[in-house]
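Taking the numbering used here, the leading residue of the sequence shown gets 1023, the next gets one more, and so forth. Below is one structure, written out as structure tokens, with a few remarks after it.
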Amino acid sequence: MSQSRIAIVVLAAGTSSRMGSPKQLIEVEGQTLIHRTVRTALASLAASVVVTTSDNGVDFEAELHGQQWTRALVENPQLGQSQSIKAGLATAESLDNIDAVLFTPCDLPLLSTSHLNDLITTYQSGLWKIVTSCYDDVLGAPLIVARELWPELHALEGDVGARKILPLHRQSTTSIPWQQGQFDLDTPADVTKYTQRKF
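Structure, rendered in structure tokens:
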């Protein structure tokens, strides 16, 4: 993996309440979502990969055996996604030479290394504090947030993600088109939609 100053935080501590079973373990092209997401992240230009975990029925050690990742334990995932954001961020802060974090959920079956690298290289231009993905005019994850904005992420509460801070930073935010972002697997219906996709 080529070095940058960006850590990827894979958000995988959720309880999958809408799916009814751990969505991290859904198989996509012969690999579980969590395994595939971490493998994709490790192949990118990121310097490190952090995975948020919890007691959610997923054996992360078994699923990610042999891969180089750092655990960020989320003690109260039931309090919402903000808890994963803050736990992942705190772990990334403890790593050396990291000046930005790229957050990605683990439920994006079409996540690619090339898209992650597009986000990273755009951030490395030095022109933007936030670089987001975009589909159908919706800004969201995966997205990169510069270190100077991390205090705002630490202040998040409830079931909100990093994009909560986007309206405060429109002038310093850019986006990368990524139509594949419309597919995220939160419910059994989402899985059906994904399997019936046209691309």
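All C-beta atoms in this analysis are idealised placements derived from N, C-alpha and C, irrespective of residue type, glycine included.
Runs of the alpha helix (DSSP H) spanning 4 or more residues and lying entirely within the region 1131 to 1174 occur at 1135 to 1146, in chain order. DSSP, reduced to helix, strand and coil, places Q1053 within a strand of the structure shown.
As a beta-bridge residue in DSSP terms, S1197 pairs with T1154. Scanning its chain for C-beta atoms nearer than 8 angstroms, with the 5 sequence neighbours on each side dropped, one finds around T1143 the residues L1067, in chain order. Measuring C-alpha to C-alpha distances from A1112 to each of A1029, S1197, Q1201, T1209 identifies A1029 as the nearest. For L1111, the enclosing alpha helix (DSSP H) stretches over residues 1103 to 1115. When only Cα atoms are considered, S1070 and L1095 end up about 16 angstroms apart.
Spanning the alpha carbons of S1116 and V1031 requires a straight line of approximately 13 angstroms.
The DSSP-derived three-state label of V1080 is coil. Looking at L1165, V1050, E1170, the one whose alpha-carbon comes closest to that of S1197 is L1165. Secondary structure of V1060 (DSSP, three-state): helix. Residue environment for D1206: buried (at least 16 other C-beta atoms within 10 angstroms of its C-beta). Here E1085 has T1054, I1056, H1057 as same chain residues with Cβ atoms under 7 angstroms from its own Cβ, once five neighbours each way along the sequence are excluded. Here the alpha carbon of T1209 sits roughly 12 angstroms from the alpha carbon of Q1046.
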